[in-house]
Amino acid sequence: MAPLCNVHLIQTLSKFCPDLNKCGPGKAEYVVAISLPKLAGCHAACAEVHKKSQNIHVLVNNAGTIVTAPFNDVPEKEGWDDVLDLNVKSVFYLTSELTPELAKDANNIGKVIVMSSAAALHYNAEVLQKFDISGEGNWSYKASKASAMNLSTTLAVTLGPKFITVNAICPGFYPSEMTQPLYATIGDSIDKEHPMGRSGTPEVCSI
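Per the numbering used here, residue 34 is the first one in the sequence shown, and the count goes up by one each step.
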């Protein structure tokens, strides 16, 4: 961590606090989010952050989820509503609520980072066919990540006058809890689809 950098993580990432605290003179803590995909959950998370700090320099919207289902049998709540709530709505509500703490001046700008996905940028039928599992697709995930990227553009224009920059990052595949089922079945195929012949790594992600 950078000198005197304080990091506030949502509770699901609390297991990383001890390791982060070994990296620098700053402090890593976690806050409790009741249900981040919902407005009330975003309010609760922000309220916990406010208790710990009134000065925020960087907000990273990294929470996300994916649901796969057959094209003709996608559940409305789990397949669409829950995915859009977490991948898109929480980005907006967390950013809007924390804007007063992020707003600085021209010499000390606030920064918002939105984790989108390479899936928002392209459609490769051949690759998707290789990744297809039992005829299921991640219909709402791609739509939500494209929405998050578009939302980032709107937020950047809106928050620019407040000296807050907004950028979307669109990574490819990284091994994670969310992608573990894919890597367990077609991990080699996933690696081969990347230009460098490998998936992302924690070392690359930390740059």
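From the three backbone atoms N, C-alpha and C, an ideal C-beta is built for every residue, glycine too.
Determine whether the beta carbon atoms of leucine 127 and alanine 78 lie at a separation below 8 angstroms. Looking up residue 127 in the sequence shown gives position 94. Looking up residue 78 in the sequence shown gives position 45. Yes, the pair counts as a contact, with Cβ atoms nearer than the cut-off.
Name the DSSP beta bridge partners of proline 103, please? Here residue 103 is taken as the residue at index 70 of the sequence shown, counted from 1. Bridge partners of proline 103 according to DSSP: Glu169.
What does DSSP give as the partner residue(s) for threonine 198 in the beta ladder? Indexing the sequence shown from 1 puts residue 198 at position 165. Note: threonine 198 sits in a beta bridge opposite Lys144.
Given a cut-off of 8 angstroms on the beta-carbon distance, is the pair serine 123 and alanine 96 in contact? Taking the sequence shown and counting its residues from 1, one reaches residue 123 at position 90. Taking the sequence shown and counting its residues from 1, one reaches residue 96 at position 63. When the beta-carbon positions are compared, serine 123 and alanine 96 come within less than 8 angstroms of each other.
For the putative contact between valine 100 and valine 116, defined by C-beta atoms under 8 angstroms, what is the C-beta separation to the nearest angstrom? If you number the sequence shown from 1, residue 100 lands on position 67. If you number the sequence shown from 1, residue 116 lands on position 83. Contact between valine 100 and valine 116 holds: their C-beta atoms lie close to 6 angstroms from each other, under 8 angstroms.
Run through the DSSP bridge pairs and tell me what valine 93 is partnered with. As a working mapping, residue 93 is identified with position 60 in the sequence shown. Valine 93 is bridged by DSSP to Ile146.
Evaluate contact between the region 167-182 and the region 130-145, counting only Cβ atoms and requiring at least three cross-stretch pairs below 8 angstroms. Contact between the region 167-182 and the region 130-145 is absent: fewer than three C-beta pairs spanning the two stretches fall below 8 angstroms.
Where does cysteine 75 land, buried or exposed, given buried means 16+ other C-beta within 10 angstroms? Numbered from 1 along the sequence shown, position 42 holds the residue referred to as residue 75. A residue is called buried once 16 or more other Cβ atoms fall within 10 Å of its Cβ, and cysteine 75 is buried on that count.
May I ask which residues mark the beginning and end of the alpha helix (DSSP H) holding threonine 132? Working through the sequence shown from its first residue, we reach residue 132 at position 99. Element bounds for threonine 132: 123-135.
Can you give me the C-alpha to C-alpha distance between lysine 225 and tyrosine 207, rounded to a whole angstrom? Indexing the sequence shown from 1 puts residue 225 at position 192. Indexing the sequence shown from 1 puts residue 207 at position 174. Spanning the two alpha carbons is a distance of roughly 13 angstroms.
How should alanine 201 be labelled, buried or exposed, when 16 other C-beta atoms within 10 angstroms of its C-beta is the threshold for buried? In the sequence shown, counting from the first residue as 1, residue 201 sits at position 168. Alanine 201 should be labelled buried.
Could you tell me how far apart the beta carbons of aspartate 138 and phenylalanine 196 are, in whole angstroms, since I believe they sit closer than 8 angstroms? Numbered from 1 along the sequence shown, position 105 holds the residue referred to as residue 138. Numbered from 1 along the sequence shown, position 163 holds the residue referred to as residue 196. Yes, aspartate 138 and phenylalanine 196 are in contact; Cβ-Cβ is about 6 angstroms, under 8 angstroms.
Once the 5 residues before and after leucine 184 are set aside, which same chain residues still bring their CB inside 8 angstroms of it? Position 151 of the sequence shown, counted from the start, is the residue given in the question as residue 184. These residues qualify, in order along the chain: Val121, Val124, Phe125, Val147.
Option nearest threonine 212 by Cα separation, candidates Pro108, Met229, Tyr174, Gly193: Sequence index remark: in the sequence shown, residue 212 carries index 179 (1-based). Among Pro108, Met229, Tyr174, Gly193, the Cα nearest to that of threonine 212 belongs to Tyr174.
Rounded C-alpha distance that separates asparagine 140 from serine 149: By 1-based counting over the sequence shown, the position of residue 140 is 107. By 1-based counting over the sequence shown, the position of residue 149 is 116. Each residue's CA atom was taken as its position, placing asparagine 140 and serine 149 some 28 angstroms apart.
Where serine 232 falls, given that 16 or more other Cβ within 10 Å makes a residue buried: What you label residue 232 is simply residue 199 of the sequence shown in a count that begins at 1. Looking at its Cβ environment, which holds 16 or more other Cβ atoms inside 10 Å, serine 232 is buried.
Please state if the CB of cysteine 203 and the CB of methionine 182 are separated by a distance shorter than 8 angstroms. Position 149 of the sequence shown, counted from the start, is the residue given in the question as residue 182. Position 170 of the sequence shown, counted from the start, is the residue given in the question as residue 203. In this structure, the beta-carbon distance from methionine 182 to cysteine 203 falls below 8 angstroms.
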